[in-house]
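Chemist: As you go down the protein sequences, you meet chains A and B in turn. For reference, each letter of the first sequence is one residue, going 99 to 243 in this note's numbering. For reference, each letter of the second sequence is one residue, going 99 to 243 in this note's numbering.
Protein chains: 2
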Amino acid sequence: MTSRKKRRSCLQSLKPEEIEVMLRKAGLQPTAQRIAICRYVFCEADHPTAEDVKRWADKHLPKISLATVYNTLSALAKAGLLLELKLSHSDCVVYDVNTERHFHFLDEKTGKLFDVGEEELGLELKLKGGLKARAIEVLIRGTSK
Amino acid sequence: MTSRKKRRSCLQSLKPEEIEVMLRKAGLQPTAQRIAICRYVFCEADHPTAEDVKRWADKHLPKISLATVYNTLSALAKAGLLLELKLSHSDCVVYDVNTERHFHFLDEKTGKLFDVGEEELGLELKLKGGLKARAIEVLIRGTSK
DNA sequence: ATATTTGCAAAGCCTTTGCAGGGGA
DNA sequence: TCCCCTGCAAAGGCTTTGCAAATAT
Chain A
99 MTSRKKRRSC LQSLKPEEIE VMLRKAGLQP TAQRIAICRY VFCEADHPTA
149 EDVKRWADKH LPKISLATVY NTLSALAKAG LLLELKLSHS DCVVYDVNTE
199 RHFHFLDEKT GKLFDVGEEE LGLELKLKGG LKARAIEVLI RGTSK
Chain B
99 MTSRKKRRSC LQSLKPEEIE VMLRKAGLQP TAQRIAICRY VFCEADHPTA
149 EDVKRWADKH LPKISLATVY NTLSALAKAG LLLELKLSHS DCVVYDVNTE
199 RHFHFLDEKT GKLFDVGEEE LGLELKLKGG LKARAIEVLI RGTSK
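(1) My output table needs one value for residue 187 of chain A: the three-state DSSP class, helix, strand or coil.
(2) Distance cutoff 8 Å, beta carbons only. Does residue 172 of chain B sit that close to anything in chain A?
(3) Using CA atoms only, rank isn't needed, just tell me which of A:159, A:147 and A:231 is closest to residue 211 of chain A.
(4) Could you tell me whether any Cβ in chain A is nearer than 8 Å to the Cβ of residue 226 of chain B?
(5) Check whether chain B comes within 8 Å of residue 209 of chain A, counting only Cβ atoms and requiring the distance to be less than that.
(6) Is it the case that the segment 214-228 of chain A contacts the segment 216-235 of chain B, given that we only count it when at least three CB pairs across the two stretches are under 8 Å?
(7) Excluding five sequence neighbours on each side, which residues of the same chain lie with their C-beta closer than 8 Å to the C-beta of residue 139 of chain B?
(8) Run through the segment 175-236 of chain A for me and flag every whole beta strand (DSSP E) of 3 or more residues, listed as ranges in chain order.
(9) Buried or exposed: which applies to residue 190 of chain A, given that a residue is buried once 16 or more other Cβ atoms fall within 10 Å of its Cβ?
(10) Can you tell me where the alpha helix (DSSP H) with residue 115 of chain A in it begins and where it stops?
(11) Out of A:126, A:227 and A:134, which one is the CA nearest neighbour of residue 113 of chain A?
(12) Between the segment 121-137 of chain B and the segment 154-168 of chain B, do three or more beta carbon pairs fall short of 8 Å?
(13) With burial defined as no fewer than 16 other Cβ atoms inside 10 Å of the residue's Cβ, what is the status of residue 202 of chain B: buried or exposed?
(14) Put residue 238 of chain A into one of helix, strand or coil per three-state DSSP.
(15) Can you pull the chain B residues whose beta carbon is under 8 Å from the beta carbon of residue 230 of chain A, in chain order?
(16) Contact criterion: CB-CB distance below 8 Å. Does residue 99 of chain B meet it with respect to chain A?
(17) Please classify residue 167 of chain B as buried or exposed, where buried requires at least 16 other C-beta atoms within 10 Å of its C-beta.
(18) What does residue 206 of chain A reach in chain B if we use C-beta pairs closer than 8 Å?
(19) Out of A:186, A:111 and A:233, point me to the one whose CA is closest to residue 209 of chain A's CA.
(20) DSSP on residue 170 of chain A, reduced to helix/strand/coil?
(21) Shorter than 7 Å, the distance from the beta carbon of residue 218 of chain B to the closest heavy atom of the ligand NAD, or not?
(22) Does residue 107 of chain B pass the burial test, meaning 16 or more other C-beta atoms within 10 Å, or should it be called exposed?
(23) Given a cut-off of 8 Å on the beta-carbon distance, is the pair residue 243 of chain B and residue 178 of chain A in contact?
(24) Which residues of chain B have a Cβ atom closer than 8 Å to the Cβ of residue 212 of chain A, listed in chain order?
(25) Just list the residues that DSSP pairs residue 147 of chain A with in beta bridges.
(26) Between the segment 171-191 of chain A and chain B, which residues of the former have a C-beta closer than 7 Å to a C-beta of the latter?
(27) Can the beta-carbon of residue 214 of chain B be found closer than 8 Å to that of residue 234 of chain B?
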């Protein structure tokens, strides 16, 4: 098993109560919709979009509106529980449960997105003209075998 | 004068006839609208959006439609004369006359975008799991003094 | 009781598309 | 002539917003 897979699986067993605690800590009311969305996003999904979440929710919840999905994801992101990624290959935001500093790899054949750990990409900044870096976003395009 | 400025200024004096030649070489009919858009994009603008181009065109041309602006910019990009950038800080595409391999720097205070030459950022790929890179997109966020 | 959150529909933003008229090759 | 280009308006995809009803503390 690669380190890529390990990183994901560390969150796969969150219980509803743990999600409640997490939401409260983040200052968010643990409503049924939010708990459900978290279960999916943190335990099952891989870089889901709002549409992915909505599709899943329609199967697993009695009712939820698309606006609530957007609001919830955006609230989770604002609370620092998720990263909101706007990548160049797609028009829609994808959410990432990995909030550590990392980069992304897009398999251009399949459209699949992988997290790339800091240790997989060495960066050496030699910026001219007084530019001061604060954060770096990297999308590597290629193929995964 | 920094190298950043030099790179831009090498295109600042294109004459209409030169633009015509460039368009023909690219397989595009040199219509009045296209020539005008090229004058702006190649000689005056700095990472313009379609809206920027439209605004400029409305001041300098008798009439042009937004669709034509989009079509023209997209045709120029398809022809390899421009780069179409979708960056995470903005919902709209920005166009870049610099078609060499390079990266971008966003001044988060001003919103201004700078090109960052390859020599200003060392990259060392150590991808695991059989990922093969083909291209790398980098957006550095920070401040310019 | 009070402040949040939800659902719905409508609107927003950026971009693309369909089609008729116009112009260059 | 024929094909490409233009302009206009409409539609498209994704996301946000306004507001009343429902829910949480």
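Just so you know, even glycine gets a beta-carbon here, dropped at the ideal spot from N, CA and C.
Modeler: Once the coordinates are examined:
(1) coil
(2) no
(3) A:147
(4) yes
(5) no
(6) yes
(7) 146, 151, 171, 174, 180, 193 and 195
(8) 181-183, 192-194, 200-205, 211-215 and 219-223
(9) exposed
(10) 114-123
(11) A:134
(12) yes
(13) buried
(14) strand
(15) 240, 241, 242 and 243
(16) With a pLDDT of only 38 at residue 99 of chain B, under the threshold of 50, the placement of this residue in the model should not be trusted; the figure read from the coordinates follows. Cβ-Cβ to chain A under 8 Å: no for residue 99 of chain B.
(17) buried
(18) 232
(19) A:186
(20) helix
(21) Absent from the structure shown: the ligand NAD. Ligands present: none.
(22) Low confidence applies here, because residue 107 of chain B scores a pLDDT of 40, under 50, leaving its location unreliable; read the following figure in that light. When all chains shown are included, residue 107 of chain B counts as exposed.
(23) no
(24) 227 and 229
(25) A:192
(26) 184 and 186
(27) no
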